[in-house]
Amino acid sequence: MLASAALLTLTCSARAHGLLANTVRLAAMAAALAVPLGAVLGVALAKAEFPGRRALFAATLAAVFVPLQVWAAAWQTMLGFDGWTTGGGPADPWLDGVRGAAWVHGWAAVPWVALLTAWALSAVERRQEEEALLNASAARVLWRVSLRRAGGGLLAGLLATVTLCAADIAVTDLFRVRTFAEEVYTQAAFGSLLAG
């Protein structure tokens, strides 16, 4: 009920369209980073054999539980105002605004996409892959058989990324990006959602 009240309140104004556009832009930019990187990491975790694979899996799983505020603080330390790479010089750091928020959200979503992709790849029938290997290279089988059948995992990773971006207010507040979720939170905090 609260969500529908917020939607009705916000969709009546031109401001709401701008907030929704910011939210969609943020989610699209984060997904453009997270999905390809997460897919590659997921393939490595599920299909490749290399030393340290279990440690990489454990680190990826642990990264899912790192709060967004920690991701944001870590990236701010590197690329934000007075970050290690700015040298104290530029007044306009690279990690700011929508670009900064999308960067943090994208990297925070990579472990989600990777684990969902790896899970989906591990569910692909081994027999079908082995039959396809009789007629095609391993790369072609990965592309034509495994990833096609694991598309649900990639889609779930995309949806997780978009949902996390759309619902977050901590990172967008830090990078001064107004989104739909922030507006709903602000209106709820001031009591105007239920009063109107």
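Just so you know, we're using the numbering used here here: the sequence shown kicks off at 880 and counts up by one. Ideal Cβ positions, reconstructed from N, Cα and C, are used throughout, including at glycine. None of the values given here were measured: they were computed from a predicted structure.
For residue i, which of helix, strand or coil comes out of DSSP?
i	result
alanine 901	Checking the sequence, you will find asparagine at residue 901 rather than alanine. Residue state, collapsed to three classes: helix.
threonine 1058	coil
phenylalanine 1069	coil
valine 945	coil
leucine 1013	coil
aspartate 1052	helix
leucine 881	Confidence at leucine 881 is low in this model, with a pLDDT of 47, below 50, so the placement of that residue is unreliable and no value is reported for it.
glutamate 1008	helix
Roughly how many angstroms lie between the CA atoms of residue i and residue j, to the nearest whole one?
i	j	result
alanine 999	leucine 1033	8 Å
leucine 1021	proline 990	20 Å
alanine 895	glycine 979	22 Å
threonine 1051	alanine 906	11 Å
leucine 947	asparagine 1014	45 Å
valine 903	alanine 1017	37 Å
State yes or no: is the beta carbon of residue i nearer than 9 Å to at least one beta carbon in chain B?
i	result
glutamate 928	In the structure shown, chain B cannot be found, because there is only a single protein chain.
For residue i and residue j, which I take to be in contact (beta-carbon distance under 8 Å), what is that distance rounded to the nearest angstrom?
i	j	result
threonine 1058	leucine 898	6 Å
threonine 939	leucine 974	No, threonine 939 and leucine 974 are not in contact; Cβ-Cβ is about 23 Å, not under 8 Å.
alanine 953	leucine 1053	Actually they do not touch by this definition, with Cβ atoms about 12 Å apart.
Using alpha carbons as the reference points, say which of the options lies closest to residue i.
i	options	result
lysine 926	Ala1060, Val1024, Ala997, Ile1048	Ala997
alanine 909	Leu1038, Ala1060, Gln1007	Leu1038
valine 949	Ala923, Cys1044, His984	His984
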